[in-house]
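To keep things clear, I will list the structure first and then write my remarks on it.
In the working numbering, the protein residues as written are 16 to 277.
Have a look at this one:
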């Protein structure tokens, strides 16, 4: 990621680039999470970083949180129970979910998710469906979804779980066969996002899948020049498509409330 952490509202096109620099990170890449704390009605930014232990000199996974609308200071929390990587986490119902990383610190990670509660700022473990680590995560409403991508044959399974309640119960929501001409080997895990009743897959290209009709269709996509409004400098920042190295798909709840109010 870049040296700046950016908060952006797609609805208002407001952009905030004044977040303070976090703790020094000795690991390649940084995991960033963002979510809403229902108790304080505040948005929080969560950050994973790695530092060396003073006694063993081994890299240790650390964690810190910043609450928007306060004095904007990073607060270090307890360490995550397992190493967390730079993969994009998912926010569902006041908690952020990460997949456990396979590292030298944890060569055989458990098939579980790491859950961080934004209210009490504590970690817990959340079971994966079928005790198998998912290829990707996404969220929709009060539900967390896991995607499992299989290369033999080319197939994608989506499992959903309501995070409301004490005992999570996973249910397989759909399974689709992916035509061989859609992707090339070696196969990378797709990013899965729900859009109404459609399933969108980002495999360097974007496809939509009609769950009811079982139909996969490519979406024409061109990254055009786009602008973001920077209120601090009272100007628009323009990004050309040459500057866009990669793109991602995210679910978000549309809001016209200025992010400056937080």
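Glycine included, C-beta positions come from ideal geometry on N, C-alpha and C.
Nearest-angstrom beta carbon gap, residue j and residue i [assumed within contact, 8 angstroms]
i: residue 105; j: residue 158; result: In fact, because the Cβ distance is near 10 angstroms, the residues do not count as touching under 8 angstroms.
i: residue 76; j: residue 94; result: 6 angstroms
i: residue 264; j: residue 214; result: Their Cβ separation, rounded to whole angstroms, is 11 angstroms, which puts residue 264 and residue 214 out of contact at 8 angstroms.
i: residue 194; j: residue 155; result: Not quite, the Cβ-Cβ distance comes to about 25 angstroms (not below 8 angstroms), so this is no contact.
i: residue 208; j: residue 266; result: 6 angstroms
i: residue 30; j: residue 252; result: 7 angstroms
i: residue 217; j: residue 235; result: With a Cβ gap of about 14 angstroms, residue 217 and residue 235 do not count as contacting.
i: residue 149; j: residue 114; result: 7 angstroms
Other residues of its chain near residue i: CB distance less than 8 angstroms, five sequence neighbours each side excluded
i: residue 192; result: 168, 169, 170
i: residue 35; result: 81, 87, 88, 89
i: residue 39; result: 64, 66
i: residue 186; result: 174, 175, 176
i: residue 57; result: 51, 82, 83, 84, 85, 277
i: residue 45; result: 16, 37, 62, 63, 64, 101
i: residue 55; result: 82, 134
i: residue 212; result: 225, 226, 227
Simplified DSSP state of residue i, which is helix, strand or coil
i: residue 161; result: strand
i: residue 145; result: helix
i: residue 24; result: strand
i: residue 278; result: In the structure as shown, the chain begins at 16 and stops at 277. Residue 278 is therefore absent and cannot be evaluated.
i: residue 99; result: strand
i: residue 134; result: coil
i: residue 29; result: strand
i: residue 111; result: strand
i: residue 185; result: strand
i: residue 250; result: strand
i: residue 80; result: strand
i: residue 139; result: strand
i: residue 208; result: strand
i: residue 74; result: strand
i: residue 39; result: coil
i: residue 92; result: coil
i: residue 16; result: Low per-residue confidence applies at residue 16: pLDDT is 42, beneath 50, and the placement is therefore not dependable enough to give any value.
i: residue 127; result: strand
Beta-carbon spacing of residue i, residue j below 7 angstroms
i: residue 129; j: residue 163; result: no
i: residue 100; j: residue 62; result: no
i: residue 189; j: residue 226; result: yes
i: residue 109; j: residue 133; result: yes
i: residue 78; j: residue 60; result: no
i: residue 127; j: residue 142; result: yes
i: residue 26; j: residue 271; result: yes
i: residue 111; j: residue 138; result: no
i: residue 136; j: residue 71; result: no
Residue i: first and last residue of the uninterrupted beta strand (DSSP E) it sits in
i: residue 118; result: Looking at the DSSP string, residue 118 is not in any beta strand (DSSP E), and its letter there is neither H nor E.
i: residue 268; result: Unbroken run through residue 268: none, as it is neither H nor E.
i: residue 196; result: Unbroken run through residue 196: none, as it is neither H nor E.
i: residue 66; result: 57-67
i: residue 173; result: 169-177
i: residue 47; result: 46-52
i: residue 153; result: 151-155
i: residue 232; result: 230-233
i: residue 214; result: 213-217
Same chain, Cβ closer than 7 angstroms to residue i, five either side skipped, listed in chain order
i: residue 233; result: 220, 222
i: residue 151; result: 162, 204, 205, 206, 207
Residue i: CB within 6 angstroms of a non-hydrogen atom of the ligand FAD
i: residue 28; result: Ligands are entirely absent from the displayed structure, and the ligand FAD is therefore not among its contents.
Own chain, CB closer than 6 angstroms to residue i, minus 5 neighbours either side, in chain order
i: residue 183; result: 176
i: residue 20; result: 34
i: residue 248; result: none
i: residue 123; result: none
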